[in-house]
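Residue numbers (the working numbering), protein chains in the order written: chain A, 1 to 249; chain B, 1001 to 1249; chain C, 2001 to 2249; chain D, 3001 to 3249; chain E, 4001 to 4249; chain F, 5001 to 5249.
In what follows, a structure is listed as structure tokens, so that the remarks can point back to it.
Number of protein chains: 6
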Amino acid sequence: METDFAILQRIAGYGENLAEMPFIGIPTFFRTDHVKDWQNVDIGLIGVATDAGLSHRPGARYGPQAVRAQSGLIRYIHPSTKVIPYERARIADLGDVPICNTLNLELLNNEITAYYQRIVEAGIVPLSVGGDHSISYPILRALGKNRPLALVHFDSHHDTAPAMKGTKFHHGAPFRNAIEDGLIDPRRSIQVAIRDPYTEFAAPYARAAGLTVIEMHEIEEVGVTAVIEKIRRVVGDTPVYLTFGRGLD
Amino acid sequence: METDFAILQRIAGYGENLAEMPFIGIPTFFRTDHVKDWQNVDIGLIGVATDAGLSHRPGARYGPQAVRAQSGLIRYIHPSTKVIPYERARIADLGDVPICNTLNLELLNNEITAYYQRIVEAGIVPLSVGGDHSISYPILRALGKNRPLALVHFDSHHDTAPAMKGTKFHHGAPFRNAIEDGLIDPRRSIQVAIRDPYTEFAAPYARAAGLTVIEMHEIEEVGVTAVIEKIRRVVGDTPVYLTFGRGLD
Amino acid sequence: METDFAILQRIAGYGENLAEMPFIGIPTFFRTDHVKDWQNVDIGLIGVATDAGLSHRPGARYGPQAVRAQSGLIRYIHPSTKVIPYERARIADLGDVPICNTLNLELLNNEITAYYQRIVEAGIVPLSVGGDHSISYPILRALGKNRPLALVHFDSHHDTAPAMKGTKFHHGAPFRNAIEDGLIDPRRSIQVAIRDPYTEFAAPYARAAGLTVIEMHEIEEVGVTAVIEKIRRVVGDTPVYLTFGRGLD
Amino acid sequence: METDFAILQRIAGYGENLAEMPFIGIPTFFRTDHVKDWQNVDIGLIGVATDAGLSHRPGARYGPQAVRAQSGLIRYIHPSTKVIPYERARIADLGDVPICNTLNLELLNNEITAYYQRIVEAGIVPLSVGGDHSISYPILRALGKNRPLALVHFDSHHDTAPAMKGTKFHHGAPFRNAIEDGLIDPRRSIQVAIRDPYTEFAAPYARAAGLTVIEMHEIEEVGVTAVIEKIRRVVGDTPVYLTFGRGLD
Amino acid sequence: METDFAILQRIAGYGENLAEMPFIGIPTFFRTDHVKDWQNVDIGLIGVATDAGLSHRPGARYGPQAVRAQSGLIRYIHPSTKVIPYERARIADLGDVPICNTLNLELLNNEITAYYQRIVEAGIVPLSVGGDHSISYPILRALGKNRPLALVHFDSHHDTAPAMKGTKFHHGAPFRNAIEDGLIDPRRSIQVAIRDPYTEFAAPYARAAGLTVIEMHEIEEVGVTAVIEKIRRVVGDTPVYLTFGRGLD
Amino acid sequence: METDFAILQRIAGYGENLAEMPFIGIPTFFRTDHVKDWQNVDIGLIGVATDAGLSHRPGARYGPQAVRAQSGLIRYIHPSTKVIPYERARIADLGDVPICNTLNLELLNNEITAYYQRIVEAGIVPLSVGGDHSISYPILRALGKNRPLALVHFDSHHDTAPAMKGTKFHHGAPFRNAIEDGLIDPRRSIQVAIRDPYTEFAAPYARAAGLTVIEMHEIEEVGVTAVIEKIRRVVGDTPVYLTFGRGLD
């Protein structure tokens, strides 16, 4: 049986703060190391601290700082599966995307895309914490540049609405923008748990584009296992962009 | 396919604020028009801002203002059924019942009844936002005046307690008062989800009067579908007074 | 001595909700009447519900709704001076500026200017509740169009910073924009209580343009009475645009 | 020099919980003993947990419980004057006035008066924690029964308004009621810090009855010392009913 | 049928505050009587107001005061089963364990044990409100002194971790300490709903000691009824120490 | 006149995050750089995240994280004096003192002292953010080791109480401990704004030891300028340990 001291040493090997109390130290995502050198990173945790594309209820700009503060409570091992992610990949907090043009959606989207192009070039798999959902479009401009990705999208909304409120870069349109740029492949893409009160604006485009859609009430009818199987069938072996929308209204 | 502009025009036809952002404009119930002219109204949304009949945990007097503030988030269409209520009826916010005698239960009940008599005369179907549950009795004095109504009542409490705390007009007694005045027909009435900690005071009256009662634990046993069927069977085609109690203790 | 009933009747003459309890009724600014007909209005209370120009700590978009909710506590008479504003002017809540382009600063500024041009044409004196301070520029484009106004500006910041964050329409620049457009007369203008942490960006412009500036520490030195006299001396009899900034940092 | 142990023993003599940590034990006013036997009490701390007479912003019914919870932080000695109240009087928490008729102002006022008559008979000086200000009238019916008291009243409001909202027992009228019943002597009474937005209803009565009134702006003009002297001059050696109103609007 | 008055009299017999409104009176657990004389008590409700053994997120020291404040909302009868606990046992609030050494885990544990030894001697069944889970060990030193008890433990954590953070008396170790002292019998003990992120530290000891463990995911697989049966089978007729951990991380 | 771009470049020279929006990036004290290499640091900002010595109202352990989150709002220049601290010293966030023995006051004090000894050896001037006031003693064991320091202490409490609650390392005793160890020189030390409700325990020691004490009421009598002069006179040119206590009760 491994001694307690040996366990602690092993955890410290995953990241020097991972065995620390959550109230001690500068907060990073899941207490991982904050690194500026991207050489030894497999999975990069990245904050995208903007809600400039949000139509109402602002505050998502504080998302990365809030997730850093709260994720200190999550320990290094999954309590049921006993999986230790840090044994499977080198994981680090890369900080936030530096954004200068915080009040100009077009320019800040360019800043996000430029940052993620560097992530792609570094061979890092990004795990992004927003921010509002509009960030998916500039991220996909970097990730889906060479070939379209499959989309697995959990949300109440389709996020395929047209330009409105004076811009096409709003939080209800990222996947329409991405489809129009050929960044995701609709036939390999699926939207799950949709109950969209903007359905008349967004659903016609989503269905015309060929996205598979599972509405919330369908999940209750067919069950979670069938939904998982359908997601696998739609996606196949295409590389996936997985994303969760907040979806409170 | 209808254009986005045509959809927006259609929504504006339902009510001029219905397509507005929730943070813009004076808040009304569901962003409907606030009307003073009752001529063209089928369903009237009405605030009854009193908690004078409440025994503890005051604050329900702020209910109408709070529901107006929050209901701005609800859009014009149901996300799953795709029903648009505004295509089925003319719906408006009529404001709050004007109450002068806010500290005198008997007099303020008279003010409520007088207001709802005008609603009945105008042929408007009222949807009332309280306020504490004591308001159901003065409302029923207007709605059930010509013939008794069926009651469908979701709550933890029977609300058929006797006079106590110095008055019979308290929030635990409206349906006892209504039965004694012949305003609701107990044989056509049903109380659902009851788990009443004042059961010794209220249950004997409810059952003696002939109300059908489904306790909370029975719902878990028979299932929601059976409960819905039972409600339909009890009510039949009698016009219904449908009401929800808060029921936290 | 006037009877209580006569007082109540007089108050109701000022506005039908002014004698109502604060928790009853749809909230308007100070419980004044919400009017759509601008014919009989001297002073118009107007919400400008946007924080699109704000650099951080969003939420000012909820300002008008929040002020409406809280101002219901303010009664019709000043408790010390006994002044009744409603005897001196016809005052009404005009609602909020309708804004469609909520995510596009340039377009929403145009919407604000267009609305205030109609206010000017109607001969109404506006009292605006923001919203972030960027709204002063589009408002001044309407109010100062025919001749420059004097500015009396209480704030911690100069709000004369250059374009930054991708736009010149941000909340730190309205008075620089207004000066450059000749909408306010710097020699007749004064900024009071300044303690600006962006001083290196904003103060050089303010002083070069000829604005009188009273810093916070100067108020403590010379006293409030001297400050009031200085404001009067600078402004003279030029019509004034009076504005308060929030200024927490 | 007294030892630390001797100090602790002395404090425990004042009341067994007075040296306890504030988070340990059932909360009483200032951590004094809760007594049911009134024999050995000079000053009785009493909760009057009702806001039935309040016109808006309910919650004062929780006043006694809230003051008990927070007053545990107050220690046994005044940090500047070094006065130890418990060396000057026997002080205890008597609990709350038992009120059955919580929804009937007239009956609950009778319950309060009956309780305070027993307090008077027991020779106890009461220190009451409300509750809304309407409780002063039923308390004065007991305390001022044998001869009128002087009133020293700190508040924004006169609390001499007429009957309104369906009752004369509301929180804006207790001292009008008390004057009419001869329970306080207006020529020996003073109201301090008044800035009453209901001034047109209440001030005429207060001044006609002969109450001395110091408005808020007068305090700033004459200074606190002059106000204290005036209070002493008005009151003379008449026994005083001292009371503080909340006065936020 | 029992009259309402007879019901009220019966309730008052259970405890003089049990029929009172929750906002009136000094708060005790469930509004039971606070007694200092332990002669006539079958079940003693006891606060153990410490979180000195807690590793992070302090505040459990306020647990007893918070439960007293909130439990006033719970009425004397179970709304579904109609059981009245006060007819089955004499139940009282005994106050909090007096703790002097609030900053010294070893000494305060001794204070807790000494208190519970008096509870055992008085023949009282204790129902304890913490406080952090470290209190179970000093309580068990009193309750399990004469023979080991069965443990039924609902929690996310095993609470069988080794000494860490400078002490063995922390909130993650009480049952390891108890097993080592022979206070509970592991073969008669069961831990339910475990999903322990410190599993590598605690699980090996729990399983080696012979505790039966049901992890959270197992409950979903076998169902609640099977879990209840397993608990009964493990415990048999051994006297039980039943405890609930908070378990948020 | 310096251009805006030149100003931004200059700020970035002070620290790469100092010109960033407060919601972007991992929060550090005042947005300074977080450094692990202590070579180029004059002033080190250090978190001491413990409240193990606190007698009640825990939470100070979150102090460093909270100050980091809020201090992002503070800009690089003082708005009134125009002083830029970063032009006078190299300032960096050193992170938090690593504490393993979070539940053992004696051992965690040793961890703090060891850390500050390394700070002293590195020639860094520490600015510490607690944590409860007990941390001053282990810090002073490092800072005052070679010769006693002057103490300038703003607080309501003397913090010279004896051992209590099972330890001498509590938050009310750090300066008694420091005086007994010869770490501060009482004749060169001053306590300001004292209004100490534990005065009978702490004041006799403070005065016997020769500390100068200015009570709160004395400040109002002599004025702030006289207090500042007295502080300077007492301290002279002895190196100072400056500290602020929270002091709410």
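Even for Gly, the Cβ is constructed at its ideal location relative to N, Cα and C.
Predicted model, so just to flag it, every value in this text is computed and none were measured.
Cβ neighbours of residue i in the same chain (closer than 8 Å, five flanking residues each side left out)
i	result
residue 4068(E)	4027, 4028, 4029, 4047, 4093
residue 3145(D)	3117, 3120, 3183
residue 3113(D)	3138, 3139, 3141, 3142
In DSSP terms, what residue i is bridged to
i	result
residue 1096(B)	1047(B)
residue 1021(B)	Answer is none; residue 1021(B) lacks a bridge partner.
residue 4244(E)	4154(E)
residue 34(A)	93(A)
residue 191(A)	153(A), 213(A)
residue 127(A)	45(A)
residue 5184(F)	5149(F)
From the options, residue whose alpha carbon lies closest to that of residue i
i	options	result
residue 2070(C)	2022(C), 2226(C), 2055(C)	2022(C)
residue 296(A)	219(A), 12(A), 42(A)	Within the shown structure, residues of chain A are numbered from 1 to 249, placing residue 296(A) beyond reach of any answer.
residue 3101(D)	1185(B), 1100(B), 1105(B)	1105(B)
residue 2142(C)	2157(C), 2181(C), 2190(C)	2181(C)
residue 4198(E)	81(A), 44(A), 66(A)	81(A)
residue 4135(E)	4056(E), 4178(E), 4226(E)	4178(E)
residue 153(A)	245(A), 79(A), 229(A)	245(A)
residue 5186(F)	5231(F), 5220(F), 5227(F), 5217(F)	5231(F)
residue 4062(E)	5065(F), 5088(F), 5113(F), 5058(F)	5058(F)
residue 217(A)	1064(B), 1045(B), 1056(B), 1079(B)	1079(B)
residue 3155(D)	3066(D), 3243(D), 3064(D)	3243(D)
residue 2110(C)	75(A), 229(A), 166(A)	166(A)
residue 173(A)	147(A), 87(A), 209(A), 133(A)	133(A)
Own chain, CB closer than 7 Å to residue i, minus 5 neighbours either side, in chain order
i	result
residue 1201(B)	1161, 1162
residue 4040(E)	4090
residue 3108(D)	3050, 3052, 3099, 3101, 3102
residue 3215(D)	3194, 3195
residue 2024(C)	none
residue 5031(F)	5015, 5017, 5018, 5020, 5072
residue 115(A)	97
residue 1158(B)	1191, 1194, 1196, 1202, 1203, 1206
Buried versus exposed, by CB contacts within 10 Å (16 or more), residue i
i	result
residue 1170(B)	buried
residue 5130(F)	buried
residue 3013(D)	exposed
residue 3006(D)	exposed
residue 5037(F)	exposed
Neighbourhood of residue i by C-beta, 6 Å cutoff - its chain only, sequence neighbours within 5 removed
i	result
residue 34(A)	28, 93
residue 189(A)	150, 151, 211
residue 3008(D)	3019
Within chain H, partners of residue i - CB distance below 8 Å
i	result
residue 4160(E)	Reference to chain H is not applicable here, since the protein chains of this structure are A, B, C, D, E and F.
Positions along the region 163-196 of chain A whose CB lies within less than 7 Å of some CB in chain C: 165, 166, 167, 170
Which residues, in order along the region 1204-1230 of chain B, keep a beta-carbon less than 7 Å from a beta-carbon of chain A? none
Would you list, in chain order, the members of the region 5003-5021 of chain F that have their beta-carbon closer than 7 Å to a beta-carbon of chain C? 5004, 5007, 5021
Near-chain B residues of the region 3035-3064 of chain D - C-beta to any C-beta below 8 Å: 3051, 3052, 3053, 3055, 3056, 3058, 3059, 3061
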